[in-house]
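2 protein chains.
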Amino acid sequence: MEMIHEAGQYVDTVKRVCEAVGSEVTFRGTVHRVRDMSDFSFVVMRVERGLIQCTFQGDEIGGIKRSDVKDAMVLEVTGTVREEPRAEHGVEVVLSALSILGKPYDQLPVPLGKKYMGLSLDVDLPLRPITLRHPRKQAIFRVQGAIADGFAQYMQSQGFTHIHTPKIVVAGAEGGANLFKLDYFGTPAYLAQSPQFHKQYLAGAFGRVYEIGSVYRAERHNTSRHLNEYMGLDFEMAYIDSMYDVMAMETGMLKSVMAYVKEHCAEELAMLNAEVPEIKEIPTIRFHEAKQIMEEKFGHKSKNRYDLNPDEEVLLCQWAKEEHDSDFVFVTHFPSAKRPFYAKDDPEDPKLALSFDLLFRGLEITTGGQRIHDYQEQMDKLEARKMNAELFESFTMLHKYGMPPHGGLGIGLERLTMQLLGLNNIREASMFPRDMNRLEP
Amino acid sequence: MEMIHEAGQYVDTVKRVCEAVGSEVTFRGTVHRVRDMSDFSFVVMRVERGLIQCTFQGDEIGGIKRSDVKDAMVLEVTGTVREEPRAEHGVEVVLSALSILGKPYDQLPVPLGKKYMGLSLDVDLPLRPITLRHPRKQAIFRVQGAIADGFAQYMQSQGFTHIHTPKIVVAGAEGGANLFKLDYFGTPAYLAQSPQFHKQYLAGAFGRVYEIGSVYRAERHNTSRHLNEYMGLDFEMAYIDSMYDVMAMETGMLKSVMAYVKEHCAEELAMLNAEVPEIKEIPTIRFHEAKQIMEEKFGHKSKNRYDLNPDEEVLLCQWAKEEHDSDFVFVTHFPSAKRPFYAKDDPEDPKLALSFDLLFRGLEITTGGQRIHDYQEQMDKLEARKMNAELFESFTMLHKYGMPPHGGLGIGLERLTMQLLGLNNIREASMFPRDMNRLEP
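Which chain is which? The protein sequence lines are A and B, in order.
At position 59 of the first sequence the residue is numbered 53 (this note's numbering), and the sequence of numbers has no breaks.
At position 375 of the second sequence the residue is numbered 369 (this note's numbering), and the sequence of numbers has no breaks.
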């Protein structure tokens, strides 16, 4: 019998080493690369966050030969820290002791020690358990983690309750298509293509709710901007005046997230040459106005009367940048016909929905809006769309027993990451992407 | 065209009203209950977090009759705040204006306005979109949200990166059984029964990772402690000395989470009469020692040589409480045969695994341990178990190219919530539980 106490206060290894100039440190890490300089070797160690340069002088330290130290070995090392302006973080560690904690059984299949691995996605993705060890890949996902953390932190500060909604459901929020089907103890079930219904239920209960959860779309797309499984950052809020409350909340959230990422991932952003957008206010145009601007300003004749095509998302963002120095633009009042049945129509023009998209550097990253809260209005809309209201009895229960005006949105975490970091393919912003041809690793 | 600014600083309605004694406030909420006192009515409003008592004096205010105000109406109200020690929060609002924002179309199917609804689960669960509006239900899930938030906050403070791993996978980490099968564009796929493999990949890349994600178990259990879809709080950490590092991290995390919940959910805990455990250190016993104690102390003859039965979890917790005044107890060194193939065996006795469970108030809430990091050791264990190593090539890639000693754990969020709040059935701790007979709402 013994008693387990909590762990000591955590200090990041890089920080600990940097603060120990002139004294001895012991730390653990993995050999990132070795460079033999004849008299000595540089042994660059990859620690839990960052790289630390060590020098191995002489032929042997405590029984371990210099020539035995190989890439991908896991070591515990001890040495004296000294300033070295040419090394990472301006310090290096002169090794005095080392021991081997783990060893590779084969040569690395990719050049992890190089600044750029230069791999195509077809080579990279199947080897992700290994390629994610590269500092540039790590940087992408540290930023992504910080976006999620920053999102949660802001939501908490605004009184939102953290929720988890089921991903196994009986039907899809957006209609029947594009659903992954599964066998649930003999009953057909589906993977949720959005937490929409449950978010609305919970806005009715908790007022303000947020979720970070998986979203499934069985779309037969194979593009640089679609994934079949992605992470949704969702929130839903009750007692709103209009969808503009939701948009203002998103503006504040994005501002806060960007500040969070800057604070927590300065090195990663620098490594990736990423520029964090300065957000003051976000320009907003109506869908029809957007089509007009594209025609007048860019001579673009739209072929899509109901939605924005990808090239239009690019043009609108160009406009927002030129006219308003903004990396973001809201587009509102989409044609109701192509927005979901739970979207509230504009009382001033019921052909338009009180719903919006947010575009960021040429790509849609959010869909949101005000939802119908009145029971009769929801039943009428189901009927007008010739949808079977009986299938939505759980959902319309929400409206039947009194519901506040409410609205919300969903953000694709991978898309936000991709646009923030200037990545070319959304698979670069998903650790283990699931697409039409990929289920592993 | 207009510009969208961020929302103003959020202040919780209850707080705003409490701070406005003597002055006028306007706020929105839903009528929680009305009590007619002949000359006036008490109108208790449910706001986004909490209840506020209002008084409606006279027969009419601005065209709205007192008799028209009904349960479940959504209102914007204005009134003067005065002290009233008998009301919630010690204040009440004397109404001077109100307007209707939303209305119910039917009488509530459950007594939301009562202190206890007194519903059986069979009545409660299908009506969850409505029953979650009850303050006591809300309290449960505000605490659950705070547990998740507190977990994330602690993990961040200890240098863990927030990860999201795929839930659609080709095979299960724990073996082939108990998997939900799905059709992935014509290919068979499964829902992940644990983020195990991906967590290990990512510990190799990021050193320390945490996830809050869905877990799927197609177990044909119908008990008060099993769900078929639940939320896992997972972490994995590299460069450890032993599983005791993982246990120490969990001890620190739980201590921090309990403090977080106390700070953020004081009213909810009081409403639910929940006692937050005081954690200083957690007693730890070996599996065989545990069996011995149960026999010696409680005269309990065990029928299970490989695991702890539910009644034994209760007995061990009783022992921990009596002997060590602890609501938690770690059990270590389980027989290797019944622990997963990635668990590291004890070099001093390879029949035992370096893995542990954490019990809390009579229930297992965590399984964790040290994992195998050496390639040969992992290949040998696969072979000893007559498992086909070829099926695990993606996984063993991890070990092949050098892996630090590492370990981690998974916690069931619903179980932790259930035990913390003293709930009798895990369905009480899941907003929309998925069990063998339940796919809705």
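The beta-carbon is built from N, C-alpha and C at its ideal position, and this holds for glycine as well.
It should be emphasised that the depicted structure is a prediction, and the values quoted were computed from it without experimental measurement.
Check the Cβ of residue i against every Cβ in chain A and list those closer than 7 Å, keeping chain order.
| i | result |
| --- | --- |
| Phe426 (chain B) | Thr159, Pro160 and His192 |
| Ile124 (chain B) | Met391 and Tyr395 |
| Val164 (chain B) | Leu433 and Glu434 |
| His156 (chain B) | Gly139, Ala142 and Asp143 |
| Lys97 (chain B) | Gly396 |
| Met430 (chain B) | Phe179 |
| Ser388 (chain B) | Pro123, Glu434 and Pro435 |
| Asp6 (chain B) | Gly153 |
| Pro334 (chain B) | Those within 7 Å of Pro334 (chain B) in chain A number zero; the least Cβ separation is about 18 Å. |
| Tyr369 (chain B) | Tyr99 |
Identify the contact partners of residue i in chain B, using a Cβ-Cβ distance below 7 Å as the criterion.
| i | result |
| --- | --- |
| Ser330 (chain A) | Within chain B, no residue comes near Ser330 (chain A); the closest Cβ sits about 21 Å away, beyond 7 Å. |
| Gln150 (chain A) | Asp143 |
| Ala232 (chain A) | Glu42 |
| Ala482 (chain A) | Within the shown structure, residues of chain A are numbered from -5 to 435, placing residue 482 (chain A) beyond reach of any answer. |
Assuming residue i and residue j are in contact, meaning their beta carbons sit under 8 Å apart, how far apart are those beta carbons, in whole angstroms?
| i | j | result |
| --- | --- | --- |
| Pro271 (chain B) | Asp321 (chain B) | 4 Å |
| Val104 (chain B) | Thr49 (chain B) | Contact doesn't hold; Cβ gap of about 26 Å is too wide. |
| Leu95 (chain B) | Glu70 (chain B) | 6 Å |
| Leu451 (chain A) | Val137 (chain A) | Look at the range of chain A in this structure, -5 to 435, and you will see that residue 451 (chain A) is not part of it. |
| Ile206 (chain A) | Ala146 (chain A) | 7 Å |
| Arg43 (chain A) | His26 (chain A) | Contact doesn't hold; Cβ gap of about 13 Å is too wide. |
| Ile55 (chain A) | Ala91 (chain A) | 6 Å |
| Ala17 (chain A) | Val75 (chain A) | Inspection of the sequence shows that residue 17 (chain A) is occupied by Ser rather than by Ala. Going by Cβ atoms, the distance from Ser17 (chain A) to Val75 (chain A) rounds to 7 Å, so yes, they are a contact pair. |
With 16 other CB atoms within 10 Å as the buried threshold, where does residue i fall?
| i | result |
| --- | --- |
| Val323 (chain A) | buried |
| Gly144 (chain A) | buried |
| Pro341 (chain A) | exposed |
| Arg139 (chain B) | Residue identity check: residue 139 (chain B) is Gly in the sequence provided, not Arg. Flag for Gly139 (chain B) reads buried. |
| Gly73 (chain B) | buried |
| Met67 (chain A) | buried |
| Pro398 (chain A) | buried |
| Lys233 (chain A) | Checking the sequence shown, residue 233 (chain A) turns out to be Tyr, not Lys. Counting Cβ neighbours within 10 Å, Tyr233 (chain A) comes out buried, since at least 16 surround it. |
| Phe179 (chain B) | exposed |
| His215 (chain B) | exposed |
| Met412 (chain A) | buried |
| Tyr238 (chain A) | buried |
| Pro435 (chain B) | buried |
| Asp339 (chain A) | buried |
| Asn382 (chain B) | exposed |
Identify the contact partners of residue i in chain A, using a Cβ-Cβ distance below 9 Å as the criterion.
| i | result |
| --- | --- |
| Lys59 (chain B) | Neighbours of Lys59 (chain B) on chain A: none; closest Cβ ~18 Å, over 9 Å. |
Mind checking if residue i is an interface residue toward chain E, Cβ cutoff 9 Å exclusive?
| i | result |
| --- | --- |
| Phe281 (chain B) | You won't find chain E in this structure, because its protein chains are A and B. |
Against residue i, what residues of chain A qualify as contacts under a CB-to-CB distance less than 8 Å, listed in chain order?
| i | result |
| --- | --- |
| Ile276 (chain B) | Met(-3) and Ile(-2) |
| Arg202 (chain B) | Glu42 |
| Tyr238 (chain B) | Ile(-2) |
| Phe174 (chain B) | Ile162, Leu176, Asp177 and Tyr178 |
| Arg136 (chain B) | Thr155 and Phe200 |
| Glu223 (chain B) | Pro160, Lys161 and Ile162 |
| Ala183 (chain B) | Leu433 |
Can you pull the chain B neighbours of residue i, defined as C-beta to C-beta under 9 Å?
| i | result |
| --- | --- |
| Val38 (chain A) | Under the 9 Å cutoff, chain B gives no residues; its nearest Cβ is about 14 Å from Val38 (chain A). |
| Tyr195 (chain A) | Arg122, Pro123, Ile124, Leu126, Met425, Phe426 and Pro435 |
| Pro399 (chain A) | Arg22, Val68, Leu95 and Gly96 |
| Leu102 (chain A) | Tyr395 and Gly396 |
At a CB-CB cut-off below 8 Å, which residues of chain B make contact with residue i?
| i | result |
| --- | --- |
| Thr245 (chain A) | Ile(-2), His(-1), Glu0 and Ala1 |
Subject >> the stretch 360 to 372 of chain A in contact with the stretch 419 to 431 of chain A per 3-pair CB rule at 8 Å >> reply: no
Subject >> Sufficient close CB pairs (3 or more, under 8 Å) joining the stretch 203 to 212 of chain A to the stretch 378 to 389 of chain A >> reply: no
Original post:
Any chance the stretch 358 to 367 of chain A sits against the stretch 395 to 404 of chain A, with 3 or more Cβ pairs inside 8 Å?
Top reply: yes
Original post:
Taking one C-beta from the stretch 121 to 135 of chain B and one from the stretch 192 to 203 of chain A each time, how about it: are there three or more such pairs within less than 8 Å?
Top reply: yes
**OP:** Would you list, in sequence order, the uninterrupted beta strand (DSSP E) runs of no fewer than 3 residues that lie entirely inside the stretch 23 to 110 of chain A?
**Re:** 34 to 41, 44 to 51, 68 to 77 and 85 to 96
**OP:** Inspect the CB distances between the stretch 241 to 254 of chain A and the stretch 287 to 300 of chain A and report whether three or more fall short of 8 Å.
**Re:** no
**OP:** Pair every Cβ in the stretch 152 to 168 of chain B with every Cβ in the stretch 182 to 197 of chain B, then say whether three or more of these pairs are closer than 8 Å.
**Re:** yes
Original post:
Are the stretch 97 to 117 of chain A and the stretch 77 to 84 of chain A touching by the rule of at least three beta carbon pairs closer than 8 Å?
Top reply: no
**OP:** For the stretch 263 to 282 of chain B and the stretch 330 to 337 of chain B, state whether three or more C-beta atom pairs, one from each stretch, are separated by less than 8 Å.
**Re:** no
**OP:** Could I get the ranges of all uninterrupted beta strand (DSSP E) runs contained in the stretch 134 to 184 of chain B, with 3 residues as the minimum, in chain order?
**Re:** 175 to 178
Original post:
Which runs of the beta strand (DSSP E) fall wholly inside the stretch 385 to 427 of chain B and span at least 3 residues, in chain order?
Top reply: 400 to 406
Subject >> beta strand (DSSP E) runs wholly inside the stretch 315 to 382 of chain A, at least 3 long, in chain order >> reply: 322 to 326, 343 to 347, 349 to 354 and 357 to 365
Original post:
In chain order, which continuous runs of the beta strand (DSSP E) of length 3 or greater are located wholly inside the stretch 195 to 265 of chain B?
Top reply: 202 to 210 and 223 to 232
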